[in-house]
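Reviewing the structure listed below.
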Amino acid sequence: MPSNYPGFGYPPDRETMSAAKVKALESLLIEKGIITSQTVDTVLSHFETKMGPFNGAKLVARAWVDPEFKDLLVADCNAACQQMDFPEGMSGAEGEHMRVAENTPEVHNVIVCTLCSCYPWPTLGLPPYWYKDPTFRARVTREPRVVLSEFGVELDDSVEVRLWDTSGQIRWWVLPMRPPGTENMSEAELAELLTPEAMMGVATVKV
Amino acid sequence: MFTKFEHFAATSLMGSSEEAPPRQDGHLQFDRDWEKLAFGVAIALSKQGYFEWEEFRQTLIATIAEWEATHELDDPDWDYYQCWLAALEKQVVASGVLAASEWEALVAQLLDCKGPTAAPPTNQ
Numbered sequence: 569m570p571s572n573y574p575g576f577g578y579p580p581d582r583e584t585m586s587a588a589k590v591k592a593l594e595s596l597l598i599e600k601g602i603i604t605s606q607t608v609d610t611v612l613s614h615f616e617t618k619m620g621p622f623n624g625a626k627l628v629a630r631a632w633v634d635p636e637f638k639d640l641l642v643a644d645c646n647a648a649c650q651q652m653d654f655p656e657g658m659s660g661a662e663g664e665h666m667r668v669a670e671n672t673p674e675v676h677n678v679i680v681c682t683l684c685s686c687y688p689w690p691t692l693g694l695p696p697y698w699y700k701d702p703t704f705r706a707r708v709t710r711e712p713r714v715v716l717s718e719f720g721v722e723l724d725d726s727v728e729v730r731l732w733d734t735s736g737q738i739r740w741w742v743l744p745m746r747p748p749g750t751e752n753m754s755e756a757e758l759a760e761l762l763t764p765e766a767m768m769g770v771a772t773v774k775v
Numbered sequence: 722m723f724t725k726f727e728h729f730a731a732t733s734l735m736g737s738s739e740e741a742p743p744r745q746d747g748h749l750q751f752d753r754d755w756e757k758l759a760f761g762v763a764i765a766l767s768k769q770g771y772f773e774w775e776e777f778r779q780t781l782i783a784t785i786a787e788w789e790a791t792h793e794l795d796d797p798d799w800d801y802y803q804c805w806l807a808a809l810e811k812q813v814v815a816s817g818v819l820a821a822s823e824w825e826a827l828v829a830q831l832l833d834c835k836g837p838t839a840a841p842p843t844n845q
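Put into structure tokens, the structure is as follows:
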């Protein structure tokens with residue numbers, strides 16, 4: 569269907585044009601002194617290196633190798649964050665209290681939320697598409713074992729499934745179990761094994 | 722509640738699957754370099770107060786709605802960051818960061834030369 573909006577009546581080389589436009593826009597803004605050549609990098613570095621699932625992965629890996637740290641993480645996630653070399657604003661702001669639910673051989677935890685702003689973004693990064701889906705939320709509440717098995721998490725009948733509603737007040741996330749066969753791994757190697765899904769409780773950690 | 726503008730800006734886009742940026746494994750997913758630049762420029766301008774983030778968000782939602790109204794839902798030409806860029810262009814002009822004439826002249830110049838080399842020289 570043809571578009572009446574000129575912006576969408578793109579030429580075949582819209583890729584080239586878009587790339588050129590963005591570069592020209594940035595250059596012009598720099599020229600006018602509105603932004604500097606560093607501004608965009610600074611914004612992007614926030615997402616790439618400061619806040620994201622790599623923080624949760626570091627916390628979990630530390631907890632796996634240090635039982636005292638694990639106790640602290642489960643008792644007071646924000647205090648545990650403060651022991652790490654994390655950027656300012658990572659935790660402790662008003663209302664942004666994170667809590668960690670620990671997976672054990674007896675209990676498997678899963679987080680759900682109706683509002684994605686309640687997702688524990690500093691430790692897990694941006695939420696996946698399906699997280700916001702009302703069907704996912706409804707189904708995981710009604711038939712968690714079936715949903716988990718669709719995600720590839722097969723639980724023994726004896727394992728209790730607990731759902732945690734992450735909210736504006738408390739942002740829950742999951743401390744997964746350390747997989748067997750990782751006894752000789754370093755903390756950094758362990759952190760590499762973690763995925764956002766594992767820290768949401770919809771995946772197990774695989775070697 | 723949000724301690725960082727970047728945090729606020731990204732999470733406020735999570736309202737619907739259409740307006741939310743592509744992401745993978747908890748990270749923003751950029752397939753092309755210019756997407757990163759467009760994303761960063763929009764946040765940087767709002768962070769510095771040139772427009773409210775909500776204004777940009779509404780412009781983005783309207784731009785996406787406009788695209789959807791004129792295309793089939795499974796149109797393979799759907800491209801999130803093309804909409805983002807179109808919204809950013811509208812926003813910089815609407816909020817007076819650039820004069821409409823200034824931006825139009827620059828686009829016309831690019832169309833003439835059809836390439837990144839058409840970008841004007843900068844002082845940086």
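Taken in order, these protein sequences are the chains called A and B.
Our numbering numbers the first residue of the first sequence as 569 and each following residue consecutively.
Our numbering numbers the first residue of the second sequence as 722 and each following residue consecutively.
Here a beta-carbon is modelled for each residue, glycine too, at the ideal position from N, C-alpha and C.
Cutoff 8 Å: residue i Cβ touching any chain B Cβ
i, result
"A/Ala766", "no"
"A/Phe704", "no"
"A/Pro688", "no"
"A/Ala629", "no"
"A/Thr607", "yes"
"A/His676", "no"
"A/Met619", "yes"
"A/Arg582", "yes"
"A/Asn572", "A caution first: A/Asn572 carries a pLDDT of 49, below 50, which makes its placement in the model unreliable, though a value can still be read off. With 8 Å as the cut-off, A/Asn572 counts as an interface residue toward chain B."
"A/Val727", "no"
"A/Met585", "yes"
"A/Phe615", "yes"
"A/Gly693", "yes"
"A/Met666", "no"
"A/Ile602", "yes"
"A/Ala756", "no"
"A/Lys774", "no"
"A/Val642", "no"
"A/Leu761", "no"
Reference residue i, options the options, closest by Cα
i, options, result
"A/Tyr687", "A/Leu627, A/Phe719, A/Arg667, A/Thr703", "A/Arg667"
"A/Pro748", "A/Ser726, A/Ile738, A/Val773, A/Met768", "A/Val773"
"B/Met735", "B/Ala759, B/Lys725, B/Ile782", "B/Ile782"
"B/Ser767", "B/Leu809, B/Glu739, B/Arg753", "B/Leu809"
"B/Glu727", "B/Asp754, B/Ala759, B/Ile764, B/Gly770", "B/Ile764"
"A/Asp725", "A/Gln651, A/Asp701, A/Glu583, A/Arg713", "A/Arg713"
"B/Ala815", "B/Thr780, B/Asp795, B/Leu831", "B/Thr780"
"B/Glu740", "B/Leu832, B/Leu758, B/Ala790, B/Tyr801", "B/Tyr801"
"B/Gly742", "A/Tyr697, A/Ala592, A/Pro621", "Before going on, a small fix: residue 742 of chain B reads as Pro here, not Gly. B/Pro742 has its Cα closest to that of A/Tyr697, out of A/Tyr697, A/Ala592, A/Pro621."
"B/Leu819", "A/Val678, A/Ile598, A/Thr610, A/Ala706", "A/Ile598"
"B/Trp774", "B/Glu823, B/Ala730, B/Leu831", "B/Ala730"
"B/Ala848", "B/Lys811, B/Asp833, B/Ser822", "Because residue 848 of chain B is not part of the residues shown, which for chain B are 722 to 845, the question remains open."
"A/Pro621", "B/Leu831, B/Asp752, B/Val813, B/Asp746", "B/Asp746"
"A/Ala759", "A/Val715, A/Thr734, A/Ala631, A/Trp689", "A/Ala631"
"A/Asp733", "A/Ala592, A/Leu762, A/Lys700", "A/Lys700"
"A/Thr709", "A/Arg730, A/Phe719, A/Ser613", "A/Arg730"
"A/Leu762", "A/Val775, A/Asn752, A/Glu751", "A/Val775"
Within-8 Å CB hit, residue i to chain A
i, result
"B/Ser822", "no"
"B/Ile782", "no"
"B/Ser738", "yes"
"B/Leu758", "yes"
"B/Arg744", "yes"
"B/Gln803", "yes"
"B/Leu831", "yes"
"B/Trp755", "yes"
"B/Glu775", "no"
"B/Val814", "no"
"B/Ile764", "yes"
"B/Leu749", "yes"
"B/Glu727", "yes"
"B/Ala731", "yes"
"B/Leu806", "yes"
"B/Val828", "yes"
"B/Gly761", "yes"
"B/Leu794", "no"
For residue j and residue i, believed in contact at Cβ under 8 Å, the rounded distance
i, j, result
"A/Thr691", "A/Gly624", "4 Å"
"A/Val628", "A/Leu743", "6 Å"
"A/Glu674", "A/Glu728", "6 Å"
"A/His676", "A/Gly736", "At roughly 25 Å, the Cβ-Cβ gap does not stay under 8 Å, so A/His676 and A/Gly736 are not in contact."
"B/Leu749", "A/Phe704", "Actually they are not in contact, since the Cβ atoms of B/Leu749 and A/Phe704 sit about 21 Å apart, beyond 8 Å."
"B/Leu806", "A/Ser595", "No, B/Leu806 and A/Ser595 are not in contact; Cβ-Cβ is about 15 Å, not under 8 Å."
"A/Lys618", "A/Met652", "That pair is no contact at about 12 Å."
"B/Thr732", "A/Trp741", "Between A/Trp741 and B/Thr732 the Cβ distance is about 15 Å, and since that is not below 8 Å, they are no contact."
"A/Glu670", "A/Val715", "Actually they do not touch by this definition, with Cβ atoms about 21 Å apart."
In DSSP terms, what residue i is bridged to
i, result
"B/Leu749", "B/Arg744"
"B/His792", "According to DSSP, which records beta bridges pairwise, B/His792 is partnered with nothing at all."
"A/Ile679", "A/Trp732"
* Tell me the start and end of each unbroken beta strand (DSSP E) in the stretch 615–674 of chain A that is at least 3 residues and wholly inside, in chain order. => 665–670
* Enumerate, from N- to C-terminal direction, the unbroken beta strand (DSSP E) stretches of 3 or more residues contained entirely within the stretch 712–758 of chain A. => 728–733, 738–743
* Contiguous alpha helix (DSSP H) assignments of at least 4 residues, all confined to the stretch 807–834 of chain B -> 821–834
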